[in-house]
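Sequential numbering of the sequence shown, starting at 2, is according to the numbering used here. Think of the CB as a built atom: it goes at the ideal place given N, C-alpha and C, for glycine as much as any other residue.
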Amino acid sequence: MVGRVVVVTGASSGIGRASAERFASRGDRLVLAARGEDALLAVAARCRSAGAEVVTRVTDVTDRDAVRALADTAVDRFGGIDVWVDTAAVMAYGRFEDVPAPVFDRVVTTNLIGAANVAREALRVFRTRQRGTLILGSSLLSRIAVPYVGAYVSSKWGHRALARVLRQETRDAPDIHVCLVSPGSVNTPIYRSAANYAGRVGRPPPPVDASAKVAAAVVRLADRPRPERSVGLANGLIRFGFTAMPPVYDLLVGPLMRVGGLSREEVAGHDGNVFGPGPRHDDEGEWGRHWLRAVAVGAVAAGVGAAAVVARTRRRA
Numbered sequence: 002m003v004g005r006v007v008v009v010t011g012a013s014s015g016i017g018r019a020s021a022e023r024f025a026s027r028g029d030r031l032v033l034a035a036r037g038e039d040a041l042l043a044v045a046a047r048c049r050s051a052g053a054e055v056v057t058r059v060t061d062v063t064d065r066d067a068v069r070a071l072a073d074t075a076v077d078r079f080g081g082i083d084v085w086v087d088t089a090a091v092m093a094y095g096r097f098e099d100v101p102a103p104v105f106d107r108v109v110t111t112n113l114i115g116a117a118n119v120a121r122e123a124l125r126v127f128r129t130r131q132r133g134t135l136i137l138g139s140s141l142l143s144r145i146a147v148p149y150v151g152a153y154v155s156s157k158w159g160h161r162a163l164a165r166v167l168r169q170e171t172r173d174a175p176d177i178h179v180c181l182v183s184p185g186s187v188n189t190p191i192y193r194s195a196a197n198y199a200g201r202v203g204r205p206p207p208p209v210d211a212s213a214k215v216a217a218a219v220v221r222l223a224d225r226p227r228p229e230r231s232v233g234l235a236n237g238l239i240r241f242g243f244t245a246m247p248p249v250y251d252l253l254v255g256p257l258m259r260v261g262g263l264s265r266e267e268v269a270g271h272d273g274n275v276f277g278p279g280p281r282h283d284d285e286g287e288w289g290r291h292w293l294r295a296v297a298v299g300a301v302a303a304g305v306g307a308a309a310v311v312a313r314t315r316r317r318a
């Protein structure tokens, strides 16, 4: 069977790589893009071994012309695009005042303006056939705020707003869909490859899901589009605490990030892979579920949720 045409930007590692491999296993035809050629070719080889037809193109999503050329490659080779998955993202750790302005700006440019560049080209192609699904790799951090990753949080809040606007503007085309996949912590290399001015290597706060779990959600969105799909056992509870009791949340989130979001491994300041591809990584990072820390963090979060319920009940009484 001839599958759909799927473009994946950010395909060289993590969720992008896992998504490409899952689409490949279904027989979809793939156009894979990332900044690092070696890692991209390795992913393409794995997808071809699964029987998929694959085209690769080295692409930086911050380059509008390169993203347009990527879209044209898909159209020229396969006649169109059915699904575009954008998971390209970078991160920087550190207090806002400690992160160099060029690093902060580049994180926002890659994550938000890069997504806009992708959306512009995806919609240009989708409009020609009045159908297509754009899936943007979002985050739980598009709905809450945490310290030490201010550029990433800022970019993801803008990311969610952009998706909402695009849904409003494509209401005239009911077969064009704009979707968000919003995971919590995921076991990918982004934490170690991030720029870092926090003094300690970052890590995903527990509980941590495998990138394959998020990839499964991506494929479900491609099959049955809906505005957003959240991935993460604790996401709802964390969002509730953030919304229901902001003072308590803000009091606790700093200590919890220092315990759960930063490792004990010290590191000198560096710009990571923010300005260019870093060393090649495996599709999974080095972070497990760390259930002991997850239980401790979850207990505190549950306490916040319980306190919020009590406070609301008292206000209504």
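Beta bridge counterpart(s) of residue i as assigned by DSSP
i	result
G133	I177
T10	A34 and D87
L263	G203
V187	D210
E229	L181
H271	N197
For residue i, three-class secondary structure by DSSP
i	result
Y94	strand
G28	coil
G138	strand
A146	coil
A195	coil
R5	coil
E170	helix
V55	strand
R49	helix
T60	coil
V100	coil
A116	helix
A19	helix
G81	coil
W158	helix
Under 7 Å between C-beta atoms of residue i and residue j
i	j	result
G4	R30	yes
L42	T60	no
V6	G17	no
R204	S264	yes
V275	A213	no
L137	D87	yes
T57	T111	no
V209	S186	yes
V91	V108	yes
V55	A223	no
V215	V147	no
I145	F243	yes
V104	D251	no
G37	P256	no
Through-space distance from residue j to residue i, alpha-carbon basis
i	j	result
R221	S14	20 Å
A269	V249	32 Å
R227	N118	22 Å
A45	V32	9 Å
V153	G28	At residue 153 the sequence reads Tyr, which differs from the Val that was named. About 34 Å.
A21	R193	22 Å
G81	A75	6 Å
G233	M246	21 Å
A19	G95	28 Å
Y198	R165	32 Å
G261	P175	42 Å
R201	I114	28 Å
R161	A40	28 Å
P184	A93	18 Å
E287	P190	7 Å
Hey, is the stretch 37 to 52 in contact with the stretch 96 to 113, meaning 3+ C-beta pairs nearer than 8 Å?
no
Evaluate contact between the stretch 157 to 177 and the stretch 124 to 144, counting only Cβ atoms and requiring at least three cross-stretch pairs below 8 Å.
yes
With a threshold of 8 Å, are at least 3 pairs of Cβ atoms found where one atom belongs to the stretch 219 to 237 and the other to the stretch 173 to 190?
yes
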